[in-house]
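What follows is one structure encoded as structure tokens, with my remarks underneath.
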Amino acid sequence: MTTEQAPAIRVQGISKSFKDLHVLRGVDFDVTPGTIFALLGSNGAGKTTLVRILSTLLKADAGTATVHGFDVAAKAGDVRESISLTGQFAAVDEILTGRENLVLVARLRHLPDPGAVADDLLARFSLTDAGGRRAGTYSGGMRRRLDIAMSLIGNPPIIFLDEPTTGLDPQARIEVWQTVKQLAQGGTTVLLTTQYLDEAEQLADRIAILHKGTIIQNGTLAELKALLPPAKVEYVEKQPSLEDVFLTLVGEPDPAEPQTTETSAAAAAGKESR
Ligand SMILES: Nc1ncnc2c1ncn2[C@@H]1O[C@H](COP(=O)(O)OP(=O)(O)O)[C@@H](O)[C@H]1O
Ligand SMILES: [Mg+2]
4 MTTEQAPAIR VQGISKSFKD LHVLRGVDFD VTPGTIFALL GSNGAGKTTL
54 VRILSTLLKA DAGTATVHGF DVAAKAGDVR ESISLTGQFA AVDEILTGRE
104 NLVLVARLRH LPDPGAVADD LLARFSLTDA GGRRAGTYSG GMRRRLDIAM
154 SLIGNPPIIF LDEPTTGLDP QARIEVWQTV KQLAQGGTTV LLTTQYLDEA
204 EQLADRIAIL HKGTIIQNGT LAELKALLPP AKVEYVEKQP SLEDVFLTLV
254 GEPDPAEPQT TETSAAAAAG KESR
């Protein structure tokens with residue numbers, strides 16, 4: 004036996020263009036099983052494009068990727084059985100109750116006892132009390148939790164969360180963060196994309212920064228912070244935040260330039276939203 008664990012996800016030289024737009028230009032990274040890996044990038048950086056390639060919805064132009072040991076191009080069916088994908092827009096049916104949504108998915112997946120599966124997930128996601136209510140009455144955080152719960156039916160070992168908290172209020176974001184942490188504690192491998200630095204900082208075991216089509220840095224939060232000079236003593240000692248690291252790596256946004264793929268670092272820098 005080797006001590007090296009096979010990666011849950013391996014991405015090697017993945018490239019993808021849409022006509023003249025070179026979105027991914029050779030992306031490489033590995034994700035260790037049971038960890039949370041954050042793919043951090045500005046709006047338009049190519050995060051969703053990469054997630055769509057890894058979840059077999061889109062073909063790469065070049066490079067290879069394996070998910071749960073299966074090549075995404077050659078073994079798409081096996082990859083799909085090993086993953087779940089939750090997008091930015093929740094797939095919840097608002098007319099149905101939370102419980103009915105879960106039962107429906109469990110039925111679609113031909114599981115033996117859909118009701119028990121639903122009740123178990125409602126409990127795990129602190130939705131037992133709300134389970135009998137129409138999902139349309141749920142708060143944003145509850146709805147996103149239900150969506151993640153639905154994606155876990157069938158126990159996929161790997162879950163992709165594409166911007167799981169975009170559009171949520173702060174309280175709901177914290178609820179979703181707790182859910183994601185619990186998933187990883189239970190052994191699920193999580194690849195999440197985010198444009199929020201604090202989200203990566205809060206959640207991720209490793210953070211990779213996708214910028215201009217490649218991964219420009221990949222490390223633990225401590226490793227990324229170590230890229231900057233040591234903390235300066237001003238009035239109080241201030242550790243660099245991930246935001247400081249990000250801005251140093253991708254450059255300060257130029258407020259005069261319109262936001263395009265090239266300059267949308269401004270969006271991720273969070274200048275506009277604070
Ligand atoms: N199907 C497509 N056809 C043409 N351009 C696309 C398509 N999908 C994404 N793009 C472009 O590719 C770039 C990356 O998009 P995306 O992967 O959605 O970025 P992110 O998820 O990081 O915000 C954007 O400029 C987007 O407009
Ligand atoms: Mg996206």
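Note that this note's numbering has the sequence shown beginning at 4, numbered continuously upward.
All C-beta atoms in this analysis are idealised placements derived from N, C-alpha and C, irrespective of residue type, glycine included.
A quick note: this is a predicted structure, and the numbers were derived from the prediction, not measured.
Taken from the Cβ of Phe-21, at least one heavy atom of ligand 1 lies inside 7 Å. With 16 or more neighbouring CB atoms inside 10 Å of its own CB, Pro-10 falls in the buried class. By the beta-carbon neighbour count (other beta carbons within 10 angstroms, threshold 16), Glu-226 is exposed. The criterion of a C-beta distance shorter than 8 Å is satisfied by Gly-134 and Gly-101.
Shown here, Asp-33 sits in a strand according to DSSP, grouped into three states. As DSSP reads the structure, Ile-86 sits in a beta bridge with Ile-161. Excluding its 5 nearest sequence neighbours in each direction, Asp-64 has C-beta neighbours in its own chain below 8 Å: Ser-18, Lys-19 and Ser-20, listed in chain order. Using a Cβ-Cβ distance cut-off of 8 Å, the region 48 to 61 and the region 74 to 94 are in contact, since at least three pairs of beta carbons, one from each stretch, lie closer than that value.
With fewer than 16 other beta carbons inside 10 angstroms of its own, Thr-223 counts as exposed.
For Ala-203, no beta strand (DSSP E) run applies; the uninterrupted alpha helix (DSSP H) run containing it begins and ends at 200 to 206, by DSSP. Three or more beta-carbon pairs separated by less than 8 Å are not found between the region 94 to 111 and the region 183 to 193, which leaves the two stretches without contact. Secondary structure of Gly-134 (DSSP, three-state): coil. DSSP places Leu-149 in the helix class (H, G or I) of the three-state scheme.
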